[in-house]
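Sequence order for the protein chains is R and Y. Position one of the first sequence corresponds to residue 27 (the working numbering), numbered consecutively onward. Position one of the second sequence corresponds to residue 27 (the working numbering), numbered consecutively onward. In this text, a Cβ means the ideal position worked out from N, Cα and C, and glycines have one as well.
2 protein chains.
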Amino acid sequence: MTTDLPERFPIDADKLDRLAEIAVKVGLRLEPGQDLFLTAPIAALPLARKIAEAAYKAGAGLVTPIFSDEAMTLARFRYGSDASFDRAPGWLYEGVGKAFAANAARLAIVGEDPMLLAEADPAKTSRANRANAIAYKPALEKIAGFDINWTIVAFPTLSWARRVFPGEPDDVAVGKLADAIFSASRVDGDDAVSAWRAHNLALAQKTQWLNARRFHALHYSGPGTDLTIGLADGHAWHGGAAAAKNGVTFNPNIPTEEVFTTPHALRAEGRVASTKPLSHQGTLIEGIEVRFEAGRIVEARATRGADVLRTTLDTDEGARRLGEVALVPHSSPISSSGLMFYNTLFDENAASHVAIGQCYSTCFVGGDRLGPDEIAARGGNASLIHIDWMIGSGSIDIDGLDAGGARTPVMRGGEWAV
Amino acid sequence: MTTDLPERFPIDADKLDRLAEIAVKVGLRLEPGQDLFLTAPIAALPLARKIAEAAYKAGAGLVTPIFSDEAMTLARFRYGSDASFDRAPGWLYEGVGKAFAANAARLAIVGEDPMLLAEADPAKTSRANRANAIAYKPALEKIAGFDINWTIVAFPTLSWARRVFPGEPDDVAVGKLADAIFSASRVDGDDAVSAWRAHNLALAQKTQWLNARRFHALHYSGPGTDLTIGLADGHAWHGGAAAAKNGVTFNPNIPTEEVFTTPHALRAEGRVASTKPLSHQGTLIEGIEVRFEAGRIVEARATRGADVLRTTLDTDEGARRLGEVALVPHSSPISSSGLMFYNTLFDENAASHVAIGQCYSTCFVGGDRLGPDEIAARGGNASLIHIDWMIGSGSIDIDGLDAGGARTPVMRGGEWAV
Ligand SMILES: [Zn+2]
Ligand SMILES: [Zn+2]
Ligand SMILES: [Zn+2]
Ligand SMILES: [Zn+2]
Numbered sequence: 027m028t029t030d031l032p033e034r035f036p037i038d039a040d041k042l043d044r045l046a047e048i049a050v051k052v053g054l055r056l057e058p059g060q061d062l063f064l065t066a067p068i069a070a071l072p073l074a075r076k077i078a079e080a081a082y083k084a085g086a087g088l089v090t091p092i093f094s095d096e097a098m099t100l101a102r103f104r105y106g107s108d109a110s111f112d113r114a115p116g117w118l119y120e121g122v123g124k125a126f127a128a129n130a131a132r133l134a135i136v137g138e139d140p141m142l143l144a145e146a147d148p149a150k151t152s153r154a155n156r157a158n159a160i161a162y163k164p165a166l167e168k169i170a171g172f173d174i175n176w177t178i179v180a181f182p183t184l185s186w187a188r189r190v191f192p193g194e195p196d197d198v199a200v201g202k203l204a205d206a207i208f209s210a211s212r213v214d215g216d217d218a219v220s221a222w223r224a225h226n227l228a229l230a231q232k233t234q235w236l237n238a239r240r241f242h243a244l245h246y247s248g249p250g251t252d253l254t255i256g257l258a259d260g261h262a263w264h265g266g267a268a269a270a271k272n273g274v275t276f277n278p279n280i281p282t283e284e285v286f287t288t289p290h291a292l293r294a295e296g297r298v299a300s301t302k303p304l305s306h307q308g309t310l311i312e313g314i315e316v317r318f319e320a321g322r323i324v325e326a327r328a329t330r331g332a333d334v335l336r337t338t339l340d341t342d343e344g345a346r347r348l349g350e351v352a353l354v355p356h357s358s359p360i361s362s363s364g365l366m367f368y369n370t371l372f373d374e375n376a377a378s379h380v381a382i383g384q385c386y387s388t389c390f391v392g393g394d395r396l397g398p399d400e401i402a403a404r405g406g407n408a409s410l411i412h413i414d415w416m417i418g419s420g421s422i423d424i425d426g427l428d429a430g431g432a433r434t435p436v437m438r439g440g441e442w443a444v
Numbered sequence: 027m028t029t030d031l032p033e034r035f036p037i038d039a040d041k042l043d044r045l046a047e048i049a050v051k052v053g054l055r056l057e058p059g060q061d062l063f064l065t066a067p068i069a070a071l072p073l074a075r076k077i078a079e080a081a082y083k084a085g086a087g088l089v090t091p092i093f094s095d096e097a098m099t100l101a102r103f104r105y106g107s108d109a110s111f112d113r114a115p116g117w118l119y120e121g122v123g124k125a126f127a128a129n130a131a132r133l134a135i136v137g138e139d140p141m142l143l144a145e146a147d148p149a150k151t152s153r154a155n156r157a158n159a160i161a162y163k164p165a166l167e168k169i170a171g172f173d174i175n176w177t178i179v180a181f182p183t184l185s186w187a188r189r190v191f192p193g194e195p196d197d198v199a200v201g202k203l204a205d206a207i208f209s210a211s212r213v214d215g216d217d218a219v220s221a222w223r224a225h226n227l228a229l230a231q232k233t234q235w236l237n238a239r240r241f242h243a244l245h246y247s248g249p250g251t252d253l254t255i256g257l258a259d260g261h262a263w264h265g266g267a268a269a270a271k272n273g274v275t276f277n278p279n280i281p282t283e284e285v286f287t288t289p290h291a292l293r294a295e296g297r298v299a300s301t302k303p304l305s306h307q308g309t310l311i312e313g314i315e316v317r318f319e320a321g322r323i324v325e326a327r328a329t330r331g332a333d334v335l336r337t338t339l340d341t342d343e344g345a346r347r348l349g350e351v352a353l354v355p356h357s358s359p360i361s362s363s364g365l366m367f368y369n370t371l372f373d374e375n376a377a378s379h380v381a382i383g384q385c386y387s388t389c390f391v392g393g394d395r396l397g398p399d400e401i402a403a404r405g406g407n408a409s410l411i412h413i414d415w416m417i418g419s420g421s422i423d424i425d426g427l428d429a430g431g432a433r434t435p436v437m438r439g440g441e442w443a444v
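Here's what the structure looks like:
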């Protein structure tokens, strides 16, 4: 075997061990006897192996890995027949849904080249994504609804490192990406489990404060930004650890810095400018400026990638409305790194953000008992897309507004005011 | 990525391309639009990639790979809780069964370390094998019943090469195993597809001759061997290409040298000595000598591994009776190589052999319409095991016997007499 990257690249073996431990003990909080379904790019094999070992040591039932391979994905887009782009492995996803129904936990390692399909025919990638999304939907709903404990962690693959650190020699790029992942994932220190306990507590204090205030809206002001975002009726703020319906308290994302909730789809007003580029399906969209009226984006500009932005906004009616509002302090470790990861797991934790498209049903009080109509009635948005988009920086102030218009400082200069 | 073994080890890239082509065009005869389910050890990634490319070029629907990893398997046996050894991924196998029902083709790349679990607790491997076999049975029945086109090919992984060529440097071992696989798989020459057409024709001539003779029994004589094996009522000889129920004519094994049929479970009489060691679950069994009475092994000895042999024979009643009889000329390429591969895909093609245990229902005239009782009534054996065991050599003569006892030479000195 020649896939043991740590031998070849400067990836700290102790920190990789700790990341595997955090993935199993904090991300999943895997229960003794619980099966684990694990997905990873083959290039992330060193972490997948350590996670399997940590899972078995924690008393896992059976660990079942499914690996993806970038070269095989590319072969499909290079040589596949036209009909192949409407195919999806429904039989596999149906099985995955059954595994979740039988209480298997779910772990995803990310590390794919974010530009892998940048040169593929956009019509083919869009058809393939659509076919896959439809086939995966029943299983994804169990994830999105927190039926079981699940988590996402990252491994510094070479193909990803080359995008984040272009121009660097391979070993330098992988080493730098590894350091950035370990630091953001809070496994630099010896006692990472305690570090995560403290971090979850800090995030819980913010969500408790916000949930007690029950703001009617948030107001953002800063360079190019004067925006009021209404919050959904009965919205609930979440962040850090979450409770799954199977009774396990888990951390869905490693790393995570955000607290987030569901905005009201009909109540956004004003202008907002993006503070970071948005990497979407291999395209970089920069300098986004949009204007909202009654919750809908009625004007949209970008200095780069404007056509991709417009196509995205035209996906469906919900694509022009907000589905998530998230607060991240400007001093967060990922923001401080100054890096663009081209991966939402990291980039959404670098700044306060909003997402256009689908909302989270879990971000309502009693959300697990609400049907789609009840969620819509409370202002929850629905769409085929969910795209996070950074609007925070060190020069953004955010106020909480009550129904009467009274203001409470939430963030000042990008930092928590509470 | 660092898994591209061809860059590191002396594996002929042209021959690897040809093996992928033969796997898709001869092994599977993949139909345009047909999905492909592919399994492989991660160490076989270079061949898996070439097969995916060849499949898409041949018009495949979707290629879905599932990779196994030796280190993750070992982690289970080292660290898994006691309860984990009774678990199996039933949700996955159920999905695989659905893929076959929807006409997906199936390709397996073998290349695992044959001694991977040699040091694991035999009680755990046996429980894990049993749980897996039970969960996989519905999908396996579609394979064994030739519902769809499927094939098995081999890749020279390092862990396997080290077992076949112990003491050689890694690159030499892999290079030698690669050469042996390519040669046995008949991809040495430029036109491998034609070579396989000729080979399938030669095998078909033997099965046609044997099927026309409808022998009542075969008689084997040679050093330590004086054995009569009755053939099942309505038996059919097979070899080389086979017809699947989905209408595709495919080659289930790459390589293959055997023609084979179902013996009568109640009609074996006499003594037989093994001509090669038998590699079974990490143990080598050598110098086997057994005596049959009325189809049943009533005496069994071995100069090495006798206890494993006895335990195996005690699996169930059918484990002491024959389920396959196969003829392979002593001059076959795999026999000529003189190598022990520790993998049935190769070793069973090095010599005429028998298997104790389960018979093939496809080896009856009209076998796809016969139920278990009808197969048993015709002499077909049933067991949880099927273990091939070499009894051919250059000094074995085989005669066909008709019901009245008249003899027809079938093999002389290990070579076809017809
Ligand atoms: Zn977010
Ligand atoms: Zn989001
Ligand atoms: Zn055989
Ligand atoms: Zn056999």
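Is there a Cβ from chain Y that is less than 9 Å from the Cβ of Tyr368/R?
In the first sequence, counting from the first residue as 1, residue 368/R sits at position 342. Answer no: the Cβ-Cβ gap between Tyr368/R and chain Y never drops below 9 Å.
Nearest residue (CA-CA) to Tyr162/R, options Gly321/R, Arg438/R, Phe286/R and Pro115/R:
Here residue 162/R refers to the residue found at position 136 of the first sequence. Measuring from the Cα of Tyr162/R, the nearest candidate turns out to be Pro115/R.
Alpha carbon of Ile169/Y to alpha carbon of Asn279/Y, nearest angstrom:
The residue labelled residue 169/Y in the question sits at position 143 within the second sequence. The residue labelled residue 279/Y in the question sits at position 253 within the second sequence. In a straight line, the C-alpha of Ile169/Y is about 12 Å away from that of Asn279/Y.
Is Ile314/Y helix, strand or coil by DSSP?
By one-based count along the second sequence, residue 314/Y stands at place 288. It is coil, neither helix nor strand.
Extent of the continuous beta strand (DSSP E) run through Thr287/R:
Counted from its first residue, the first sequence places residue 287/R at position 261. Note, Thr287/R: beta strand (DSSP E), Val285 to Thr287.
Does the segment 68 to 84 of chain R come close enough to the segment 116 to 136 of chain R to have 3 or more Cβ pairs within less than 8 Å?
yes
With a threshold of 8 Å, are at least 3 pairs of Cβ atoms found where one atom belongs to the segment 165 to 180 of chain R and the other to the segment 45 to 57 of chain R?
The segment 165 to 180 of chain R is in contact with the segment 45 to 57 of chain R.
CB of Phe286/R to nearest heavy atom of ligand 1: below 8 Å?
Your numbering for residue 286/R matches position 260 in the first sequence. For ligand 1, at least one heavy atom lies less than 8 Å from the Cβ of Phe286/R.
Give the straight-line distance between the Cα atoms of Arg223/Y and Thr287/Y, rounded to the nearest whole angstrom.
If you number the second sequence from 1, residue 223/Y lands on position 197. If you number the second sequence from 1, residue 287/Y lands on position 261. So the alpha carbons of these two residues sit roughly 22 Å apart.
Which bits of chain R does Phe102/Y rub up against, with CB to CB less than 8 Å?
Translated into positions along the second sequence, residue 102/Y becomes position 76. Contrary to the premise, residue 102/Y reads as Arg rather than Phe in this sequence. Within 8 Å Cβ-Cβ: Ala78, Tyr82, Leu88 and Val89.
Cβ of Val50/Y within 9 Å of any chain R Cβ
As a working note, residue 50/Y is residue 24 in the second sequence. Judged by the 9 Å Cβ criterion, Val50/Y is not in contact with chain R.
Using a cut-off of 7 Å between C-beta atoms, extract the partners of Ala218/Y located in chain R.
Indexing the second sequence from 1 puts residue 218/Y at position 192. Residues of chain R passing the Cβ test: none, with the nearest at roughly 20 Å.
Proximity winner among Val190/Y, His306/Y, Tyr246/Y and Asp214/Y, relative to Arg44/Y (alpha-carbon distances):
Numbered from 1 along the second sequence, position 18 holds the residue referred to as residue 44/Y. Nearest of Val190/Y, His306/Y, Tyr246/Y and Asp214/Y to Arg44/Y, Cα basis: Asp214/Y.
Using 9 Å as the threshold, is the C-beta distance between Ile314/Y and Arg327/Y below it?
As a first step, residue 314/Y must be located in the second sequence, where it is residue number 288. As a first step, residue 327/Y must be located in the second sequence, where it is residue number 301. Cβ distance < 9 Å, so Ile314/Y and Arg327/Y count as in contact.
Which residues in the same chain as Asp61/Y place their Cβ atom closer than 6 Å to its Cβ, once the five residues preceding and following it in sequence are excluded?
Counting from one through the second sequence, the residue named residue 61/Y turns up at place 35. Taken in chain order, the residues that qualify are Gly87, Leu88 and Ala130.
Please work out which residues of its chain come closer than 6 Å, Cβ to Cβ, to Met27/Y, disregarding the five sequence neighbours upstream and downstream, and give them in chain order.
To locate residue 27/Y, count along the second sequence from 1; it is residue 1. The predicted position of Met27/Y is uncertain, since its pLDDT is 31 and thus under 50; no value can be drawn from it.
Quick one: using the 10 Å Cβ neighbour count with 16 as the cut-off for buried, is Lys271/R buried or exposed?
The sequence position of residue 271/R within the first sequence is 245, counting from 1. The residue is exposed, with fewer than 16 neighbouring Cβ atoms inside 10 Å.
May I ask you to report which of helix, strand or coil DSSP gives Arg239/R?
Counting from one through the first sequence, the residue named residue 239/R turns up at place 213. In the structure shown, Arg239/R sits in a helix (DSSP, three-state: H, G or I).
Skipping 5 residues on each side, what residues in its chain have a beta carbon closer than 8 Å to that of Val444/Y?
For the purposes of this step, residue 444/Y is identified with residue 418 of the second sequence, where counting begins at 1. The answer, listed in chain order, is Lys232, Trp235, Pro435 and Val436.
For Ile314/R, return the contacting residues in chain B, with the cut-off set at a CB-CB distance below 9 Å.
Here chain B cannot be found, since the structure's protein chains are R and Y.
Spatially closest choice to Asp112/Y from Ala154/Y, Ala81/Y and Thr90/Y, by CA coordinates:
Your numbering for residue 112/Y matches position 86 in the second sequence. Closest option to Asp112/Y, Cα to Cα, is Ala154/Y.
Check the Cβ of Lys163/R against every Cβ in chain Y and list those closer than 9 Å, keeping chain order.
By one-based count along the first sequence, residue 163/R stands at place 137. Per Cβ cutoff of 9 Å: no residues; Lys163/R is ~16 Å from chain Y at best.
Taking buried to mean at least 16 other C-beta atoms within 10 Å of its own C-beta, is Arg433/Y buried or exposed?
Residue mapping note: residue 433/Y aligns to position 407 of the second sequence, counting from 1. Burial state of Arg433/Y is exposed, judged by a 10 Å Cβ sphere holding fewer than 16 other Cβ atoms.
Which of the three DSSP states is assigned to Thr99/Y in this structure?
On the second sequence, residue 99/Y is found 73 positions in, with the first residue counted as 1. Three-state result, Thr99/Y: helix.
Pick out whichever of Gly426/R, Ser361/R and Tyr368/R has its Cα sitting closest to the Cα of Gly418/R.
If you number the first sequence from 1, residue 418/R lands on position 392. Of Gly426/R, Ser361/R and Tyr368/R, the residue nearest in Cα terms is Ser361/R.
Considering Thr445/R, what are the terminal residues of the alpha helix (DSSP H) in which it resides?
Nothing in the structure corresponds to residue 445/R, since chain R is present only between 27 and 444.
Return helix, strand or coil for Gly248/R, following the three-state DSSP convention.
The count along the first sequence starts at 1 and reaches residue 248/R at position 222. Strand, per DSSP.
Looking at chain Y, is there any beta carbon in it that lies within less than 9 Å of the beta carbon of Glu113/R?
By 1-based counting over the first sequence, the position of residue 113/R is 87. Looking at the sequence shown, residue 113/R is not Glu but Arg. It does: the Cβ of Arg113/R has a partner Cβ on chain Y nearer than 9 Å.
For Ala291/R and Gly405/R, what's the separation of their Cα atoms in angstroms?
To locate residue 291/R, count along the first sequence from 1; it is residue 265. To locate residue 405/R, count along the first sequence from 1; it is residue 379. Near 5 Å, if we compare the C-alpha coordinates of Gly405/R and Ala291/R.
Could you tell me if Ser110/Y is buried or exposed, where buried requires 16 or more neighbouring beta carbons within 10 angstroms of its beta carbon?
Within the second sequence, the letter at position 84 stands for residue 110/Y. Buried.
From this set, Ala146/R, Ser378/R, Ala125/R and Pro91/R, which residue's C-alpha is nearest Thr99/R's C-alpha?
As a first step, residue 99/R is located in the first sequence; it is residue number 73 there, counting from the start. Of the candidates Ala146/R, Ser378/R, Ala125/R and Pro91/R, the one whose C-alpha sits nearest the C-alpha of Thr99/R is Ala146/R.
Quick one: Cα of Thr29/Y to Cα of Ala210/R, how far?
What you label residue 29/Y is simply residue 3 of the second sequence in a count that begins at 1. What you label residue 210/R is simply residue 184 of the first sequence in a count that begins at 1. Any reading at Thr29/Y is ruled out, since the residue's pLDDT is 39, under 50, leaving its predicted position unreliable.
Helix, strand or coil for His264/R per DSSP?
Translated into the one-based positions of the first sequence, residue 264/R becomes position 238. Residue state, collapsed to three classes: strand.
Terminal residues of the continuous alpha helix (DSSP H) containing Val200/R?
Locating residue 200/R in the first sequence gives position 174, where the first residue counts as 1. From DSSP, the alpha helix (DSSP H) with Val200/R extends over Asp196 to Ala210.
Is it buried or exposed, Leu427/Y, if we count other Cβ atoms within 10 angstroms and call 16 or more buried?
Residue mapping note: residue 427/Y aligns to position 401 of the second sequence, counting from 1. The residue in question, Leu427/Y, is buried, as its Cβ has 16 or more Cβ neighbours within 10 Å.
Cβ closer than 7 Å: which chain R residues qualify as neighbours of Met141/Y?
Numbered from its first residue, the second sequence carries residue 141/Y at position 115. Per Cβ cutoff of 7 Å: no residues; Met141/Y is ~16 Å from chain R at best.
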